[in-house]
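Peer 1:
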Amino acid sequence: MLSPPDDAALAQHLSRRTFLYSLGALALTACGGGAGELLSAAAPTPRAAGAPTPFTHPGLLHTNADFTRMAAKYTTSPWSDSWTLLINNSHSQSTYTAMPQTVVYRGNDGVHSENYVRLMNDVAAAYQCALRWKIAGSTAHADKAVQIMNQWAATLTAIGGDSNALLAAGIYGYEFANAGEIMRSYSGWAAADQTAFKNMMTGIFYPICTDFLVRHNNTEWTHYWANWDLCAIACILAIGVLCDDGAKFDEAVNYFKSGGGNGRIFKAVYYLHPGYLGQWQESGRDQGHATLGIALGGAICEMAWNQGVDLYGYDNNRFLAGAEYVAKSNLIQSGTTYYTVPYVTYNNVDNVNQTAFSTSAQGIGRPCWALVYNHYVNRKGLAAPYSKQFATVVQPEGGPNGGDTSGAFDQLGFGTLTCKRDNIASGALPSGLTGYVNAGVPVLSWWGSAYATSYNVKRATVSGGPYTTIQTGITDLLTYTDTSAPAGANYYVVTAIISGVESAVSNQATVITGTPLHTYLTFDASSGTTAADATGLGHTGTLVGGASWVAGKKNNAVSLNGSTGYVSLPADFMTDVGDFTIAAWVYWNTASNWQRIFDFGDGTGQYMFLSPKSSSGVARFAITVNGGKGELGINSTSALATGQWVHVAVTLSGNTGTLYVNGVSVGSNTNMFHAPFRLGSTSQNWIGRSQYSGDPYFNGKIDDFRIYRGALSASAVLALYNS
1143 MLSPPDDAAL AQHLSRRTFL YSLGALALTA CGGGAGELLS AAAPTPRAAG APTPFTHPGL
1203 LHTNADFTRM AAKYTTSPWS DSWTLLINNS HSQSTYTAMP QTVVYRGNDG VHSENYVRLM
1263 NDVAAAYQCA LRWKIAGSTA HADKAVQIMN QWAATLTAIG GDSNALLAAG IYGYEFANAG
1323 EIMRSYSGWA AADQTAFKNM MTGIFYPICT DFLVRHNNTE WTHYWANWDL CAIACILAIG
1383 VLCDDGAKFD EAVNYFKSGG GNGRIFKAVY YLHPGYLGQW QESGRDQGHA TLGIALGGAI
1443 CEMAWNQGVD LYGYDNNRFL AGAEYVAKSN LIQSGTTYYT VPYVTYNNVD NVNQTAFSTS
1503 AQGIGRPCWA LVYNHYVNRK GLAAPYSKQF ATVVQPEGGP NGGDTSGAFD QLGFGTLTCK
1563 RDNIASGALP SGLTGYVNAG VPVLSWWGSA YATSYNVKRA TVSGGPYTTI QTGITDLLTY
1623 TDTSAPAGAN YYVVTAIISG VESAVSNQAT VITGTPLHTY LTFDASSGTT AADATGLGHT
1683 GTLVGGASWV AGKKNNAVSL NGSTGYVSLP ADFMTDVGDF TIAAWVYWNT ASNWQRIFDF
1743 GDGTGQYMFL SPKSSSGVAR FAITVNGGKG ELGINSTSAL ATGQWVHVAV TLSGNTGTLY
1803 VNGVSVGSNT NMFHAPFRLG STSQNWIGRS QYSGDPYFNG KIDDFRIYRG ALSASAVLAL
1863 YNS
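As structure tokens, this is what we get:
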């Protein structure tokens, strides 16, 4: 098995700067002493939101129910194979000698030598000794774990170095908190010592992590890779549970769901390919870091799960999509040939411009797959074929040992011992079925069942059926492109074949083909602030600020004053749109750069817009889920004319986008792999206003604003202009 890379390389491209966080400079956030453990034999009850009251203890990577299972299994293969690796590890010995440091340095600050290896080794020792006590009852190992934690709590005053200090705080912080969480019920760990340990976690580790998530060291959010955010999230979440601090727990969970940086799961899993292969944000960089994302993401999901929060299943199992992609791309298919995976270009503020999957460190075997596989398959009954294969390849999972590089300490390891479960008796139904229109036809994806051998796709023209089977025998990948779909609403379900018997149906997915109107704002009102949607679908516009009614190209129009006026559309109104056409009549008063005809998005990370004039002096349409440097754009040959009515339209069919002015194509791009539904949730859908606060508002009039499902043909766009 390959050794993971040294994660000091994570920041080698960054400018060097000094970081030092000390107890003297930061206020301590005291947290409660060792609370009694809550025994839970079943999975936690899922909650919609918010920290648990009370927290479950132990309740980070392992619960009491988990330890009961481990104690019953550790003498039986394959659990015993992982146990043997544990008890033979140099860190798990009761004779281990810790070397606590007053200040831990990671990264070159130009003054101090790095010494973070002492922290990472001692954290691994505390955790491994804690496991030996909790599973086999060895008080000698319990005493050693407590001794290590007490020595560090009494010695450490700061974590410093360059920007890599965050990696030391985040990775070793979440791991140290896990050791403390296991030991909290040990009678030999005094309450005062537990409080001192928790104060170290809240006073030294937490401030570094929360500051990073807020500021990203004063850089643009795409500058840092997903793992930087993920280790900070893991640390904050773990400290929240350890210290019964609901605010910290919620901070971590909320960032994972909706944060600004690449640790947000929507951004970490950068692109969903058909069949739910989720391209990981670092897959074009190298596989050492891509697999680290799975190790950190899995730990976050498991710690939240044990407190009743299902991050594993969040956003239709988006983390599983990323895990399956990373697993498949690092598995050998036959001989020495790896599986191939689809890939789309990734770019960020540093212009990394990664156009191909990276084979650097391909095949790396981090001990993180038992956790992923056993949750999705043996807890939830889903199919996770590539995670399953990788869990088999790396079984039994060990942990960091003496002489390993720092990358081996990025995860605690021993997943075969701690996470492996007996096989589930029966799988779940196919689930998570979704569909979108691409190049005019529906593309479906779904999650499979643990023991299914194949799948059937069924279609109806009426919601709820009756359904007609249109494809049988689908195995891998779990996707289907329906080239025979009629125009209009198509309703799909999927069934599984399990032991030769067809299952009940999945959830139903609706896909609308053809080019029906999705939104039509005629702007024909003469008073009030409501712009009715003539389709009857409820996509009503609301006039805001300096927006008013005036005579238009056709009857009336909305006039925007260039300073405060815009039209707001409902949140998430295009989340089911693939191919599209957006068209409008525009009367532009003043030709300043980066005004917006429309801009739909959720801030400066994900959006789609049309500007009458970019800084290059031409009209531009762009769409991105990765900020400005990730934009996929179409440029015209000139800016829109001012002082006259101009018809503009933009279409997307598959990967081909086209921009039209007055019915004539003025630009196209055949690599437009983003579509509106890929923007995810959008709360800022505006006509006349930009996601970027520094851009000017639109100054002029807009009339006859239309959105169609599907791409109108060139002749249809011309006819719309002529009409």
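Here our numbering is used: the first residue of the sequence shown is 1143, the next is one more, and so on.
Note that the Cβ used here is the ideal one computed from N, Cα and C, for glycine as well.
1) Take the Cβ of arginine 1406 as the centre, count every other Cβ of all protein chains shown within 10 Å, and call the residue buried at 16 or more, exposed below.
2) Evaluate proline 1196 with the Cβ neighbour count: other Cβ atoms within 10 Å of its Cβ, from every protein chain shown; 16 or more gives buried, anything less gives exposed.
3) Tell me the DSSP secondary structure of isoleucine 1407 in three-state form.
4) Just tell me which of Val1808, Arg1211 and Gly1505 has its CA closest to the CA of glycine 1477.
5) Could you compute how far the alpha carbon of threonine 1746 sits from the alpha carbon of leucine 1228?
6) Expressed to the nearest angstrom, what Euclidean distance is found between the alpha-carbon atoms of aspartate 1552 and cysteine 1373?
7) Among residues of its own chain, excluding the 5 on either side of glycine 1842, which ones have a beta-carbon nearer than 6 Å to its beta-carbon?
8) Kindly confirm or deny that the region 1471-1490 and the region 1215-1229 touch, where touching means at least three C-beta pairs closer than 8 Å.
9) My guess is that glutamine 1243 and asparagine 1257 are in contact by the Cβ rule of under 8 Å, so how many angstroms apart are they, rounded?
10) Measure how close the beta-carbons of valine 1887 and tyrosine 1597 come, nearest whole angstrom, since I'm counting them as under 8 Å.
11) DSSP three-state label for glycine 1312, please.
12) In the region 1358-1393, which residue ranges form an unbroken alpha helix (DSSP H) of at least 4 residues, counting only runs that do not cross its ends?
13) Excluding the five sequence neighbours on either side, which residues of its own chain have a C-beta within less than 6 Å of the C-beta of aspartate 1721, listed in chain order?
14) List the DSSP bridge partners of serine 1596.
15) Any idea what DSSP makes of leucine 1874, helix, strand or coil?
16) Quick one: is aspartate 1618 buried, meaning 16 or more other Cβ sit within 10 Å of its Cβ, or exposed?
17) With histidine 1233 and alanine 1267 assumed to form a contact (beta carbons below 8 Å), what rounded beta-carbon distance in angstroms separates them?
18) Near isoleucine 1375, what residues of its chain come up, given a Cβ to Cβ distance below 7 Å and the 5 sequence neighbours on each side ignored?
19) Counting only runs that start and end within the region 1740-1796, where is the beta strand (DSSP E) found for 3 or more residues in a row?
20) Could you pull out every residue in the same chain whose Cβ sits closer than 6 Å to the Cβ of threonine 1706, ignoring the five residues on either side in sequence?
21) Since valine 1486 is in the alpha helix (DSSP H), which residue starts that stretch and which ends it?
22) Along the chain, where does the alpha helix (DSSP H) containing asparagine 1341 start, and where does it finish?
23) May I ask which residues mark the beginning and end of the alpha helix (DSSP H) holding glutamine 1613?
24) Sorted by chain position, which residues of the same chain lie with C-beta nearer than 7 Å to tyrosine 1609's C-beta, five sequence neighbours on each side aside?
25) Could you tell me the boundaries of the alpha helix (DSSP H) in which tryptophan 1221 lies?
26) Grouping DSSP H, G and I as helix and E and B as strand, with all else coil, what is valine 1728?
27) Among the residues of its own chain, which have a CB less than 6 Å from the CB of asparagine 1495, if the five just before and after it don't count?
28) Distance check for arginine 1738 and glutamine 1748, CA to CA, integer angstroms please.
29) Applying the criterion that 16 or more other CB atoms from any shown protein chain within 10 Å of the CB defines a buried residue, is alanine 1296 buried or exposed?
30) In whole angstroms, give me the CA-to-CA distance for tyrosine 1485 and glycine 1420.
31) Is the distance from the Cβ of leucine 1473 to the Cβ of tyrosine 1481 below 8 Å?
32) Less than 8 Å separating the beta-carbons of tryptophan 1363 and glycine 1402?
33) Could you please give the first and the last residue of the uninterrupted alpha helix (DSSP H) stretch that includes glutamine 1826?
34) How is threonine 1684 classed by DSSP in three states: helix, strand or coil?
35) How many angstroms separate the CA atom of alanine 1389 from the CA atom of tyrosine 1839?
36) With distances taken from CA atoms, which of Ala1321, Leu1261, Ser1305 and Ala1311 is nearest tryptophan 1275?
Peer 2: The answer reads as follows:
1) Residue numbering aside, residue 1406 sits at position 264 when the sequence shown is read from its first letter. By the C-beta density criterion, arginine 1406 is buried, having at least 16 other C-beta atoms within 10 angstroms.
2) Against the sequence shown, residue 1196 aligns to sequence position 54. Here proline 1196 is exposed: its Cβ has fewer than 16 other Cβ atoms, across all protein chains shown, within 10 Å.
3) Numbered from 1 along the sequence shown, position 265 holds the residue referred to as residue 1407. Isoleucine 1407 falls in the helix class under three-state DSSP.
4) Here residue 1477 corresponds to residue number 335 of the sequence shown, with the count starting at 1. If we check each option's Cα against that of glycine 1477, Gly1505 comes out closest.
5) Start at 1 with the first residue of the sequence shown, and residue 1746 comes out as number 604. Start at 1 with the first residue of the sequence shown, and residue 1228 comes out as number 86. About 47 Å.
6) Along the sequence shown, one-based indexing puts residue 1552 at 410. Along the sequence shown, one-based indexing puts residue 1373 at 231. In this structure, the alpha-carbon of aspartate 1552 lies about 9 Å from that of cysteine 1373.
7) The residue you call residue 1842 lines up with position 700 of the sequence shown. Within its own chain, the residues whose Cβ lies closer than 6 Å to the Cβ of glycine 1842, once the five positions on either side in sequence are excluded, are Tyr1729, Trp1730 and Asn1731, listed in chain order.
8) Cβ pair count under 8 Å is below three, so no.
9) Locating residue 1243 in the sequence shown gives position 101, where the first residue counts as 1. Locating residue 1257 in the sequence shown gives position 115, where the first residue counts as 1. At roughly 6 Å, the Cβ-Cβ gap stays under 8 Å, so glutamine 1243 and asparagine 1257 are in contact.
10) Because the chain spans 1143 through 1865 in this model, residue 1887 falls outside it and cannot be assessed.
11) Here residue 1312 is taken as the residue at index 170 of the sequence shown, counted from 1. In the three-state scheme derived from DSSP, where H, G and I count as helix and E and B as strand, glycine 1312 is classed as helix.
12) Unbroken alpha helix (DSSP H) stretches of 4 residues or longer found wholly inside the region 1358-1393: 1368-1384, given in chain order.
13) Along the sequence shown, read from residue 1 onward, the residue named residue 1721 stands at position 579. Val1579, Leu1794, Ser1795, Gly1852 and Ala1853.
14) As a position in the sequence shown, residue 1596 is number 454, starting the count at 1. Serine 1596 is bridged by DSSP to Ile1639.
15) Nothing about residue 1874 can be reported from this structure: the residues present for the chain run from 1143 to 1865 only.
16) For the purposes of this step, residue 1618 is identified with residue 476 of the sequence shown, where counting begins at 1. Looking at its Cβ environment, which holds fewer than 16 other Cβ atoms inside 10 Å, aspartate 1618 is exposed.
17) Taking the sequence shown and counting its residues from 1, one reaches residue 1233 at position 91. Taking the sequence shown and counting its residues from 1, one reaches residue 1267 at position 125. Alanine 1267 and histidine 1233 do touch by the CB rule: their CB atoms are close to 4 Å apart, below 8 Å.
18) The residue given as residue 1375 occupies position 233 in the sequence shown. Apart from the 5 residues on each side of it in sequence, isoleucine 1375 sits with its Cβ closer than 7 Å to the Cβ of Ala1394, Tyr1397, Phe1398, Gly1405 and Ile1442 in its chain, given in chain order.
19) Fully enclosed beta strand (DSSP E) runs of 3 or longer: 1740-1743, 1749-1753, 1762-1766, 1774-1777 and 1787-1795.
20) To locate residue 1706, count along the sequence shown from 1; it is residue 564. Correct list, in chain order: Gly1687 and Gly1688.
21) Counting from 1 along the sequence shown, the entry for residue 1486 is found at position 344. Per DSSP, valine 1486 belongs to no alpha helix (DSSP H) and is neither H nor E.
22) Translated into positions along the sequence shown, residue 1341 becomes position 199. It spans 1333-1342 - the alpha helix (DSSP H) in which asparagine 1341 sits, taken as one unbroken run.
23) By one-based count along the sequence shown, residue 1613 stands at place 471. Counting along the chain, glutamine 1613 falls outside any alpha helix (DSSP H), though it belongs to the beta strand (DSSP E) covering 1610-1616.
24) Within the sequence shown, numbered from 1, the residue matching residue 1609 stands at position 467. These residues qualify, in order along the chain: Lys1600, Arg1601, Ala1602 and Val1635.
25) The residue labelled residue 1221 in the question sits at position 79 within the sequence shown. First-last of the alpha helix (DSSP H) with tryptophan 1221: 1221-1229.
26) By one-based count along the sequence shown, residue 1728 stands at place 586. The three-state secondary structure of valine 1728, taken from DSSP, is strand.
27) Here the question's residue 1495 lines up with position 353 in the sequence shown. Cβ neighbours of asparagine 1495 beyond the five flanking positions: Asn1489.
28) Here the question's residue 1748 lines up with position 606 in the sequence shown. Here the question's residue 1738 lines up with position 596 in the sequence shown. Each residue's alpha carbon lies about 15 Å from the other.
29) What you label residue 1296 is simply residue 154 of the sequence shown in a count that begins at 1. With fewer than 16 Cβ atoms within 10 Å of its Cβ, alanine 1296 is classed as exposed.
30) Locating residue 1485 in the sequence shown gives position 343, where the first residue counts as 1. Locating residue 1420 in the sequence shown gives position 278, where the first residue counts as 1. Cα-Cα distance, rounded: 10 Å.
31) In the sequence shown, residue 1473 corresponds to position 331, counting from 1. In the sequence shown, residue 1481 corresponds to position 339, counting from 1. In this structure, leucine 1473 lies near tyrosine 1481, with their beta-carbon atoms less than 8 Å apart.
32) Stepping through the sequence shown from its first residue, residue 1363 is reached at position 221. Stepping through the sequence shown from its first residue, residue 1402 is reached at position 260. Against a cut-off of 8 Å, the Cβ pair of glycine 1402 and tryptophan 1363 comes out as a contact.
33) Residue mapping note: residue 1826 aligns to position 684 of the sequence shown, counting from 1. Note, glutamine 1826: premise wrong, no alpha helix (DSSP H); beta strand (DSSP E) at 1826-1829.
34) What you label residue 1684 is simply residue 542 of the sequence shown in a count that begins at 1. Here threonine 1684 sits in strand by DSSP.
35) Walking along the sequence shown from the start, residue 1389 turns up at place 247. Walking along the sequence shown from the start, residue 1839 turns up at place 697. Using only the alpha carbons, I get a separation of about 37 Å.
36) One-based indexing of the sequence shown puts residue 1275 at position 133. If you compare the alpha carbons of Ala1321, Leu1261, Ser1305 and Ala1311 with that of tryptophan 1275, the shortest gap goes to Ala1321.
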